[in-house]
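Visitor: Got a structure for you, written out below as structure tokens; questions coming shortly.
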Amino acid sequence: MDWIDTLLIPAIKAIVVTFGLLLGFAYMTLAERKICARFQLRYGPNQAGPFGIFQPIADALKAIFKEEVVPEHVDKWLYVLCPVLAMVPAILAFAVIPVGRPFVLAGRTITLQLADINVGLLYPMAVAGLGAYGIVLGGWSSNNNYSLLGALRTTAQIISYELPMALSLVALVIVTGTLRMSGIVEYQAALPLIVLQPIGFLIYFICGLAETNRSPFDFPETENELISGYNTEYGGIKFALFFMAEYINMIVVSALVATLFLGGWQGPILPGWLWFFIKTAVMLFVFVWVRASLPRARYDKLMHFCWKFLTPLAVVNLLVTAAVVLILRG
Amino acid sequence: MAMTDYNMLLERLKAQFPGAIQGESEFRGETTLTVGADHLIPVCRFLRDDPDAQFNHLAFVTGVDYSALGREPRFAAVYQLYSLPYRRALRLKVPLAGENPTAPSVLDIWPGANWHEREAYDLIGIRFKGHPNLRRIMLPDEWVGHPLRKDYPLGGEPVAFTPTMDDPPLEGLGTQVLDPVSVPPVRPPEAQPHTLVINMGPQHPSTHGVLRVVMELDGETIVNAWPDIGHLHSGIEKTAEYKTYAQVLPYTDRMDYVAAMTNNMGYVLAVEKLLGVEIPPRAQILRAIMCELQRLAAHLVWVGTHCLDLSGTIHALLQYAFATREDIMNIFEMVSGARLTPSYIRIGGVARDVPPGFVPAVKRFLETFPKWHRDIARMLDKNPIWMSRVKGVGAITAEQAIGLGVTGPVLRSTGVAYDVRKYAPYSSYDLFDFDIPTGTNGDCYDRYLVRMEEMRQSVRIIQQAIAKLPEGPVQCDDRKIVFPPREELDSSMEALIHHFKLVTEGFHPPEGEVYACVEAPKGEIGYYIVSDGGPKPYRLKIRGPSFSNLQASSLMAKGHMFSDMVAIIGSIDITLGEVDR
Amino acid sequence: MQDNYGFLGLYLLIAIAFPFVALGVAYLLRPKRPAPVKSSTYECGLETIGETWVQFKAQYYLYALVFVVFDVETVFLYPWAVAYNRLGLFALVEALIFVGILVAGLAYAWRKGALRWM
């Protein structure tokens with residue numbers, strides 16, 4: 003252990019991950035617009051550069067140069083701070099996800115994972131839960147009826163869906179016997195966990211949609227009801243930060259699904275990081291696909307669905323898994 | 009037979025209320041009874057409740073200011089009634105004297121009179137005694153005067169902006185917004201103390217324009233919803249009094265701008281009824297084809313936007329609906345040169361004969377459309393999320409709907425098969441074989457199903473109409489009403505004179521008043537014209553279906569969730585251009 | 027392994043730095059032309075009726091309360107799940123009882139109508 007191991011490599015990794023996420027966010031917005039456009043018989047952005055590849059840059063410049071209106075009736079400090087509050091946990095959550103096979107460089111083994119901690123599975127859930135604060139306080143501090151409704155919906159929705167999400171992962175932990183991400187990925191060398199835990203996968207993915215406020219569960223925003231929900235009073239870079247937080251959360255959830263259920267970077271022939279990228283991209287595509295083809299549920303029905311269907315289902319899944327594991331072990 | 013019944017009914021009415029009926033007139037097959045204001049309420053109650061009368065549908069209430077004709081008394085309140093069981097119409101007229109005339113409110117008999125009476129108060133200045141909420145509906149509360157009175161000048165309102173490049177100066181861009189008018193927002197007095205009162209609209213993504221709904225929320229449950237309209241009021245009725253009959257036509261396109269053809273159709277029918285002209289069969293069938301194509305186009309806009317409201321901007325269905333609507337727009341462009349506001353149906357026929365490519369284009373469309381329609385139905389019909397959003401939401405009963413003057417698919421979804429195309433066929437609709445779909449629950453889902461089925465029926469009508477399309481002229485041959493053909497102008501002096509008279513002056517219909525209605529995609533759109541024999545309508549009242557249908561939204565919304573309001577507004581299918589006129 | 031938590035701390039600093047840098051850059055570059063209309067509340071183009079910061083429907087908070095109870099219980103299941111392979115039938119029975127209490131609580135809340143949206 004020297005300073006290269008303890009400081010230089012982690013710092014490089016942290017910077018690479020941060021910028022990787024930002025790049026991922028930027029091109030996720032473009033990809034979503036392009037894919038949705040195709041769903042809608044349109045072309046999508048195609049003016050800024052070939053196939054519109056410079057569109058995210060144009061969007062970023064617009065966000066930065068846009069006049070920011072801080073309405074006079076808001077709670078100013080909270081109002082400015084909330085986009086940061088939403089953004090930081092979104093970035094942080096990615097830290098424990100292994101993106102590829104460890105490799106050896108100049109005699110040092112480098113893991114493609116920022117921090118392989120022993121409660122790796124709990125960490126992203128804990129951190130992502132903090133993101134709700136940004137949205138809730140952002141909506142409250144705006145002092146706007148629509149923002150308030152959006153914020154309150156978020157409170158109830160995000161916390162409600164954490165429960166079945168957590169329960170579905172308990173079943174997964176029973177199978178793998180570890181909370182460490184690298185361990186879970188290694189466990190899936192032969193068989194991805196989606197085969198052993200299909201119901202757990204479905205529950206986790208549905209909760210992922212709800213946790214990231216994506217259609218059909220995009221209630222905090224619901225542009226057709228609450229105008230823009232919690233971020234109605236936000237513009238310019240502050241809005242962009244909220245937007246980034248949502249998309250990075252989506253990338254994190256997709257990456258988690260890829261890691262926990264689809265075998266992470268494990269896969270034949272292709273290099274590990276590419277497998278990880280492909281699996282994450284497929285999940286992100288599903289996010290967009292769902293958005294383009296499903297109507298939005300109603301808020302109370304969503305809560306009922308969570309408490310009266312998903313949670314009991316997750317409990318049953320947990321108990322059945324425990325019983326089957328016990329029987330197989332003999 | 010039916011006619012004698014009708015006469016007997018009128019005799020009974022006169023016998024039962026002696027002195028109430030001050031006059032009876034007949035014009036173009038329409039009966040108008042003049043009723044004294046004191047007797048209005050018992051007469052109306054009789055007309056609604058008597059088993060031989062059953063005038064349960066109040067199409068509109070309005071007023072006429074006769075001062076420009078020098079008649080006494082100056083005002084008259086007009087009630088257009090329709091009996092759904094007996095399929096006949098009756099108009100009541102109540103003469104009202106004085107500068108501030110007062111008529112009794114018929115709100116207790118037909119709840120739908122609510123907004124109509126408010127409108128008559130707002131624009132004509134007739135007060136309705138017993139109306140609980142007689143406020144202005146179209147104009148701002150602080151407005152002075154009643155614009156549809158004859159002594160109210162056209163124009164004269166100062167315009168608050170100067171549209172030049174130099175004023176305001178460009179360097180001040182972003183600061184030139186006017187200071188907000190300091191009208192303190194008023195909490196509705198009916199609202200309970202612990203609730204949240206929230207404005208939905210006029211600038212809201214799901215109110216289909218500039219509708220404002222003030223909502224009282226308890227949590228997310230709607231305690232009360234008060235629709236507030238008039239943000240798009242453009243005074244079409246006042247403008248019409250200053251235009252010749254032919255010049256009014258393009259204004260009608262701009263009311264319900266997603267169904268311009270049917271707007272034209274209703275107006276044209278009313279004027280033709282007034283003139284008493286016959287329209288050649290080819291023109292009639294062409295009109296029917298256009299109206300049905302328009303119905304398809306309007307319903308496609310509805311299904312697209314309704315789904316948009318209930319999903320999100322990214323949902324693909326809106327574009328599917330618009331992609332197939334594009335074919336209809338192209339057909340309209342082919343026949344009239346315009347897509348949204350064609351003004352193709354004209355007084356005396358249609359603007360010009362269809363080009364040779366028309367019939368093949370319609371046939372091509374009829375082949376491709378069912379596939380699109382099937383796709384849309386597959387995406388929504390059995391979709392559990394969709395069902396959970398619309399099933400059981402915003403339900404009203406048939407009685408409530410009729411009482412509120414609701415028409416169109418919203419009424420039919422409650423099980424009442426009232427459709428003007430069947431009840432009083434116009435423009436050769438009696439030649440076609442088609443069904444009127446109805447629902448049972450009167451909720452958003454039934455409205456959805458009814459409209460989806462109506463699209464299938466429209467396809468049937470168009471297929472039959474194309475097969476039956478005869479050759480022949482497309483305009484009537486009355487030179488006093490329609491322009492002579494271009495060739496005649498070079499050779500015939502008479503044709504030139506007719507042309508000159510029509511352009512400079514317009515035609516002179518006989519004195520009288522008529523009401524004609526058609527089945528627009530949103531319901532019964534009707535035009536009530538009072539003619540003084542001059543080339544311009546003396547008074548034009550437009551009965552917009554969305555106006556009456558929107559009244560029901562408050563009843564539908566009560567007790568539902570905030571999100572349901574979006575579904576309800578979407579399922580009523582309003583166009584604010586026609587609500588506010 | 028303590029190092030790995032150290033890495034997280036490092037990452038946290040970068041994650042916090044980024045949004046502040048973005049806000050700061052935008053603060054320096056953006057135009058500022060305030061106007062009274064711009065800085066008013068957006069409520070569909072009209073002024074808000076009454077106060078927004080009011081006492082609000084308790085239903086939202088009921089969910090939060092129910093959630094706290096269940097989530098804490100769920101967290102207890104994690105160590106159990108990790109060690110499950112080393113325990114045995116006794117662990118399953120134990121978990122059954124534990125989850126049984128949890129389910130009973132859910133059923134109680136359900137019956138009491140705490141899960142009914144109002």
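Going line by line, the protein sequences match chains A, B and C. For the first sequence, this note's numbering assigns the number 3 to the initial residue and increments by one for each residue that follows. For the second sequence, this note's numbering assigns the number 9 to the initial residue and increments by one for each residue that follows. For the third sequence, this note's numbering assigns the number 27 to the initial residue and increments by one for each residue that follows. C-beta: ideal position from N, C-alpha, C; glycine also. Owing to the predicted nature of the structure, the values given are computational and were not obtained by experimental measurement.
Within the stretch 205-269 of chain A, note down every full alpha helix (DSSP H) run reaching 4 residues or more, in order along the chain.
Guide: As far as the stretch 205-269 of chain A is concerned, its whole alpha helix (DSSP H) runs of at least 4 residues are 238-262.
Visitor: Would you say P58 of chain A lies against chain C (beta-carbon separation less than 8 Å)?
Guide: Here the question's residue 58 of chain A lines up with position 56 in the first sequence. By this cut-off, P58 of chain A is not an interface position.
Visitor: So, are the CB atoms of V424 of chain B and A406 of chain B less than 8 Å apart?
Guide: Taking the second sequence and counting its residues from 1, one reaches residue 424 of chain B at position 416. Taking the second sequence and counting its residues from 1, one reaches residue 406 of chain B at position 398. Contact flag set, yes.
Visitor: With H, G and I counted as helix, E and B as strand and the rest as coil, what does DSSP make of V101 of chain A?
Guide: Stepping through the first sequence from its first residue, residue 101 of chain A is reached at position 99. Coil at V101 of chain A, not helix or strand.
Visitor: So which residues on chain C does V90 of chain A lean against when the C-beta distance must stay under 9 Å?
Guide: Numbered from 1 along the first sequence, position 88 holds the residue referred to as residue 90 of chain A. Per Cβ cutoff of 9 Å: L38, A41, I42, F44 and P45.
Visitor: Just tell me which of B:P103, B:E502, B:S242 and B:G541 has its CA closest to the CA of E521 of chain B.
Guide: The residue you call residue 521 of chain B lines up with position 513 of the second sequence. E521 of chain B has its Cα closest to that of B:G541, out of B:P103, B:E502, B:S242 and B:G541.
Visitor: Can a CB atom of chain A be found closer than 8 Å to the CB of R56 of chain C?
Guide: Start at 1 with the first residue of the third sequence, and residue 56 of chain C comes out as number 30. Taking Cβ atoms only, chain A reaches closer than 8 Å to R56 of chain C, which makes this a yes.
Visitor: Going by Cα to Cα distance, which pick from B:E125, B:P148 and B:R547 is closest to K158 of chain B?
Guide: Counting from one through the second sequence, the residue named residue 158 of chain B turns up at place 150. Among B:E125, B:P148 and B:R547, the Cα nearest to that of K158 of chain B belongs to B:R547.
Visitor: Could you tell me the alpha carbon to alpha carbon distance between I17 of chain A and Y37 of chain C, rounded to whole angstroms?
Guide: By 1-based counting over the first sequence, the position of residue 17 of chain A is 15. By 1-based counting over the third sequence, the position of residue 37 of chain C is 11. Cα-Cα distance, rounded: 8 Å.
Visitor: List the residues of chain B whose Cβ lies closer than 8 Å to the Cβ of F72 of chain C, in chain order.
Guide: Position 46 of the third sequence, counted from the start, is the residue given in the question as residue 72 of chain C. Inspection of the sequence shows that residue 72 of chain C is occupied by Leu rather than by Phe. Correct list: P193, N207, P210 and R220.
Visitor: Which bits of chain A does A121 of chain C rub up against, with CB to CB less than 7 Å?
Guide: In the third sequence, residue 121 of chain C corresponds to position 95, counting from 1. Under the 7 Å cutoff, chain A gives A324.
Visitor: Would you list, in sequence order, the uninterrupted beta strand (DSSP E) runs of no fewer than 3 residues that lie entirely inside the stretch 42-120 of chain B?
Guide: Qualifying beta strand (DSSP E) stretches, in chain order: 65-73, 83-91, 96-104 and 110-112.
Visitor: What is the DSSP secondary structure of P188 of chain B, reduced to helix, strand or coil?
Guide: Residue mapping note: residue 188 of chain B aligns to position 180 of the second sequence, counting from 1. Here the model assigns P188 of chain B a pLDDT of 44, short of 50, so the residue's position is not dependable, and the following value carries that caveat. Three-state DSSP puts P188 of chain B in coil, outside helix and strand.
Visitor: In angstroms, rounded to a whole number, what distance separates the CA positions of N207 of chain B and P196 of chain B?
Guide: By one-based count along the second sequence, residue 207 of chain B stands at place 199. By one-based count along the second sequence, residue 196 of chain B stands at place 188. In a straight line, the C-alpha of N207 of chain B is about 11 Å away from that of P196 of chain B.
Visitor: Excluding the 5 residues preceding and the 5 following R333 of chain B in the sequence, name in chain order all residues of the same chain whose CB lies nearer than 6 Å to its CB.
Guide: Counting from 1 along the second sequence, the entry for residue 333 of chain B is found at position 325. Excluding positions up to five away in sequence, the list reads A305 and L308.
Visitor: Any chance the CB of T349 of chain B is under 7 Å from a heavy atom of the ligand MG?
Guide: Absence of the ligand MG is noted for the structure shown, with no ligands found whatsoever.
Visitor: Taking only beta-carbon positions, decide if W136 of chain C is within less than 8 Å of chain A.
Guide: Here residue 136 of chain C refers to the residue found at position 110 of the third sequence. For W136 of chain C, the answer is yes, since a Cβ of chain A falls inside 8 Å of its Cβ.
Visitor: Any idea which residues DSSP pairs I271 of chain A with across the strands?
Guide: Start at 1 with the first residue of the first sequence, and residue 271 of chain A comes out as number 269. In DSSP, I271 of chain A forms no bridge with anything.
Visitor: Taking the alpha carbon of P550 of chain B as the point to measure from, which residue in B:N64, B:R126, B:A97 and B:M263 has its own alpha carbon closest?
Guide: By 1-based counting over the second sequence, the position of residue 550 of chain B is 542. Checking the sequence, you will find Ile at residue 550 of chain B rather than Pro. Answer by Cα proximity: B:M263.
Visitor: Against chain C, does S184 of chain A count as a neighbour if the rule is that its beta carbon must be under 8 Å from one of theirs?
Guide: For the purposes of this step, residue 184 of chain A is taken as residue 182 along the first sequence, with counting starting at 1. No, no contact with chain C.
Visitor: Against chain B, which members of the stretch 33-53 of chain A pass a CB distance test of less than 7 Å?
Guide: Of all residues in the stretch 33-53 of chain A, C38, F41, Q42, L43 and R44 have a Cβ within less than 7 Å of some Cβ in chain B.
Visitor: Shorter than 8 Å from the beta carbon of T349 of chain B to some beta carbon of chain A?
Guide: Your numbering for residue 349 of chain B matches position 341 in the second sequence. So, not an interface residue.
Visitor: What does E38 of chain B pair with, by DSSP beta-bridge criteria?
Guide: In the second sequence, counting from the first residue as 1, residue 38 of chain B sits at position 30. Answer is B:F35, bridged to E38 of chain B.
Visitor: Residues of the stretch 360-385 of chain B with a CB closer than 7 Å to any CB of chain A: list them in chain order, please.
Guide: Here the close residues number zero.
Visitor: Can you give me the start and stop residues for the alpha helix (DSSP H) that Y253 of chain B sits inside?
Guide: What you label residue 253 of chain B is simply residue 245 of the second sequence in a count that begins at 1. Segment Y253 to D261, the alpha helix (DSSP H) holding Y253 of chain B.
Visitor: Three-state secondary structure (DSSP) at T113 of chain A?
Guide: Locating residue 113 of chain A in the first sequence gives position 111, counting from the first residue. In this structure, T113 of chain A counts as strand in the three-state DSSP scheme.
Visitor: Using the Cα positions of L228 of chain A and I355 of chain B, report the straight-line distance between them to the nearest angstrom.
Guide: In the first sequence, residue 228 of chain A corresponds to position 226, counting from 1. In the second sequence, residue 355 of chain B corresponds to position 347, counting from 1. Between L228 of chain A and I355 of chain B, the C-alpha separation is close to 46 Å.
Visitor: Compare the beta carbon distance of I239 of chain A and E74 of chain A with 8 Å and say whether it is the shorter of the two.
Guide: Translated into positions along the first sequence, residue 239 of chain A becomes position 237. Translated into positions along the first sequence, residue 74 of chain A becomes position 72. In this structure, E74 of chain A does not lie closer than 8 Å to I239 of chain A by Cβ.
Visitor: Could you give the distance in angstroms between the alpha-carbon of T349 of chain B and the alpha-carbon of T270 of chain B?
Guide: Counting from one through the second sequence, the residue named residue 349 of chain B turns up at place 341. Counting from one through the second sequence, the residue named residue 270 of chain B turns up at place 262. T349 of chain B and T270 of chain B: Cα-Cα distance of roughly 11 Å.
Visitor: Mapping the DSSP letters down to three states, classify G531 of chain B as helix, strand or coil.
Guide: What you label residue 531 of chain B is simply residue 523 of the second sequence in a count that begins at 1. Correct three-state label for G531 of chain B: strand.
Visitor: Inspect the beta-carbon positions of A191 of chain A and M127 of chain A and report whether they are closer than 8 Å.
Guide: As a first step, residue 191 of chain A is located in the first sequence; it is residue number 189 there, counting from the start. As a first step, residue 127 of chain A is located in the first sequence; it is residue number 125 there, counting from the start. Not closer than 8 Å, so no.
Visitor: Please report the distance separating the alpha-carbon of P288 of chain B from that of A475 of chain B.
Guide: Mapped onto the second sequence, residue 288 of chain B falls at position 280. Mapped onto the second sequence, residue 475 of chain B falls at position 467. In a straight line, the C-alpha of P288 of chain B is about 17 Å away from that of A475 of chain B.
Visitor: So, is Q49 of chain A buried or exposed, given that buried needs 16 or more other C-beta atoms within 10 angstroms?
Guide: Walking along the first sequence from the start, residue 49 of chain A turns up at place 47. Under this definition Q49 of chain A is an exposed residue.
Visitor: Tell me whether Y45 of chain A is buried or exposed, calling it buried when 16 or more other Cβ atoms sit within 10 Å of its Cβ.
Guide: As a position in the first sequence, residue 45 of chain A is number 43, starting the count at 1. Flag for Y45 of chain A reads exposed.
Visitor: Which residue comes first and which comes last in the alpha helix (DSSP H) that contains K281 of chain B?
Guide: Here residue 281 of chain B refers to the residue found at position 273 of the second sequence. K281 of chain B -> alpha helix (DSSP H) spans A268 to L283.
Visitor: Taking the alpha-carbon positions, what's the A60 of chain A to F53 of chain A distance?
Guide: As a first step, residue 60 of chain A must be located in the first sequence, where it is residue number 58. As a first step, residue 53 of chain A must be located in the first sequence, where it is residue number 51. Spanning the two alpha carbons is a distance of roughly 14 Å.
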